[in-house]
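Asker: Just so you know, we're using numbering that gives the first Met the number 0 here: the sequence shown kicks off at 0 and counts up by one.
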Amino acid sequence: MQKKWVLVEEDEMELPLENFQLQTSPALLVEVRMANGQWPREQPPEDFRNFKVGQIIDAMDTVKKWYESTVRAVREDEVFIHFNQWPDRWDEWIARDSDRLQPRGTHTSGPRRKRAYRSYMNHQSGEPPVKGAVGLRNLGNTCFMNSCLQCVASTPPLIEYMQSGA
């Protein structure tokens, strides 16, 4: 009969798994008894609100967005939080018992990633495929102006005037 789990004594640690007649399973948990004789899972979980400087936690900002954050200072009733990847001006004191503070990974999956911006400075030169078939490069905040210019540039009399070279 195959077993769901088995306690492996220290002198058996070198034996192959087949010797223990375990059920076939993709998961294997290896847990080492601590020096005090207790198993790690028997330990009561440490209260994450026992804040320490440098501790990484999840914190909600003032607009209700969660960010991975670092504890910068601790007082008796509040914690000074730095929202990782944000300037220091957004750091703030938050009450120690606030729901805005949660264990790391509760609401985030790592530090905030800065958005990568593409450069609009890549200039392209050369002849257009068709005379007059050129476009405008959007500089990030010029899309409405560009669309208006595209409409005006599609007006036949204006196209004729521009192509005439007059």
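From the three backbone atoms N, C-alpha and C, an ideal C-beta is built for every residue, glycine too.
Alpha carbon to alpha carbon, how far is Ser-118 from Asn-145?
Answerer: Counting from 1 along the sequence shown, the entry for residue 118 is found at position 119. Counting from 1 along the sequence shown, the entry for residue 145 is found at position 146. Low confidence applies here, because Ser-118 scores a pLDDT of 49, under 50, leaving its location unreliable and the question unanswered by this model.
Asker: Please report the distance separating the alpha-carbon of Ile-158 from that of Thr-141.
Answerer: Position 159 of the sequence shown, counted from the start, is the residue given in the question as residue 158. Position 142 of the sequence shown, counted from the start, is the residue given in the question as residue 141. Each residue's alpha carbon lies about 22 Å from the other.
Asker: Is the segment 98-106 touching the segment 56-73, taking contact as three or more C-beta pairs under 8 Å?
Answerer: Counting Cβ pairs under 8 Å, three or more are found: they touch.
Asker: Output the distance between the C-alpha atoms of Gly-109 and Asp-10, rounded to the nearest integer angstrom.
Answerer: By 1-based counting over the sequence shown, the position of residue 109 is 110. By 1-based counting over the sequence shown, the position of residue 10 is 11. So the alpha carbons of these two residues sit roughly 40 Å apart.
Asker: Under a Cβ-count criterion, where at least 16 other Cβ atoms within 10 Å of its own Cβ denotes burial, should Val-5 be classed as buried or exposed?
Answerer: Within the sequence shown, the letter at position 6 stands for residue 5. So Val-5 ends up on the exposed side.
Asker: My assumption, with CB atoms under 8 Å, is that Val-29 sits in contact with Phe-19. Please give the rounded CB distance.
Answerer: In the sequence shown, residue 29 corresponds to position 30, counting from 1. In the sequence shown, residue 19 corresponds to position 20, counting from 1. Not quite, the Cβ-Cβ distance comes to about 12 Å (not below 8 Å), so this is no contact.
Asker: Please name the residue, chosen from Thr-154, Arg-95, Glu-13 and Thr-107, that lies closest to Tyr-66 on a Cα-to-Cα basis.
Answerer: One-based indexing of the sequence shown puts residue 66 at position 67. Taking only the C-alpha atoms, the option nearest Tyr-66 is Thr-107.
Asker: CB-CB under 6 Å to Arg-71, same chain, minus the five flanking residues each way: which ones, in chain order?
Answerer: In the sequence shown, the residue the question calls residue 71 occupies position 72. Counting only Cβ-Cβ distances below 6 Å, and skipping sequence neighbours, we find Phe-79 and His-81.
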